[in-house]
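Have a look at the structure below, then the notes.
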Amino acid sequence: MKKVFPSVLTLGNLLLGFSAILFVYQGQTAASMMLILLGLFCDFFDGFCARKLNAVSELGKELDSLADLVTFGIAPAALAYVTSLQEIRVWGAVSCLAYVCCGALRLARFNAAQSHMPGFVGMPIPLAALLVLLLSVSLPPLFVAFGTLLLSLLMVSRISFPSLKKIKPEVAEDC
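Residue numbers for the sequence shown follow UniProt numbering, so the first one is 1 and each next one is one higher.
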């Protein structure tokens with residue numbers, strides 16, 4: 001049973017992401033954003049629980065990436081397009097497509113070569129998603145498109161980013 005719990009959280013992440021997409025197209029931006037943020041919560045705790053319960057698996061890693069692509073790739077791109085980028089149709093669509101493709105590449109690269117590393121190479125997709133949400137509700141469409149393209153490039157870049165999940169607290173030694 002303990003090995004099932006992390007997968008339930010991962011599937012929760014996936015369902016929250018899909019629900020966010022549905023809410024975007026119903027014009028409920030705030031609800032969509034909240035669902036993406038709840039997906040972030042599930043994403044953090046699925047890996048945390050898997051490690052604590054000794055339930056880490058290849059299947060879980062792949063499932064996590066599929067859920068992340070929906071919740072942090074497709075849902076934020078849909079939200080950005082509907083709330084802002086549809087005003088600049090071609091550039092808006094191009095920036096969203098680039099974001100989704102680079103997010104998928106980033107997740108695949110992580111699974112293939114980086115999951116054992118203490119940090120990340122390229123911006124993690126959950127961080128990129130949070131920034132796309134912020135851009136979408138605070139900037140004009142051209143800036144949102146530029147910012148989304150920049151985030152896309154950062155996801156597939158070779159820039160190092162720390163991993164909050166893998167930071168271990170230091171234990172103070174008694175004197």
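By construction, the Cβ of each residue, glycine as well, lies at the ideal position given by its N, Cα and C atoms.
Residue interval of the beta strand (DSSP E) (run including residue i)
i    : result
P162 : 160-162
Opposing strand residues paired with residue i [DSSP bridges]
i    : result
F120 : F161
Same chain, Cβ closer than 7 Å to residue i, neighbours up to 5 away in sequence not counted
i    : result
I125 : D68, F72, G73, G103, R106, L107, M155
G92  : Y81, L85, Q86, P141, A145
F45  : L9
A31  : F23
Limits of the unbroken alpha helix (DSSP H) element including residue i
i    : result
P140 : Element bounds for P140: n/a, residue is neither H nor E.
T10  : 4-24
V82  : 75-83
S95  : 89-109
F45  : 29-52
A67  : 58-68
Member of the options whose CA lies at the smallest distance from the CA of residue i
i    : options             : result
V70  : V56, S95, C101, I88 : C101
L66  : F5, F23, L11, I21   : L11
V4   : L63, V132, L131     : L63
S160 : S138, V132, P118    : P118
A50  : A31, V90, S7, V24   : S7
S163 : K52, G122, V90      : G122
A112 : K52, Q26, K61, L130 : K61
L130 : V90, F110, A77      : A77
Contact set for residue i: own chain, Cβ-Cβ below 8 Å, skip 5 residues either direction
i   : result
A98 : T148, L149, S152
Cβ shell of residue i (< 6 Å), same chain only, five flanking positions each side left out
i    : result
L135 : V144, G147
M34  : none
S95  : A145, T148, L149
S157 : G122
A20  : S32, L35, I36, A75
Whole-angstrom C-beta distance between residue j and residue i, which should lie under 8 Å
i    : j   : result
G47  : L16 : Incorrect: roughly 16 Å between the Cβ atoms, too far for contact.
K2   : A55 : 6 Å
L133 : L79 : 7 Å
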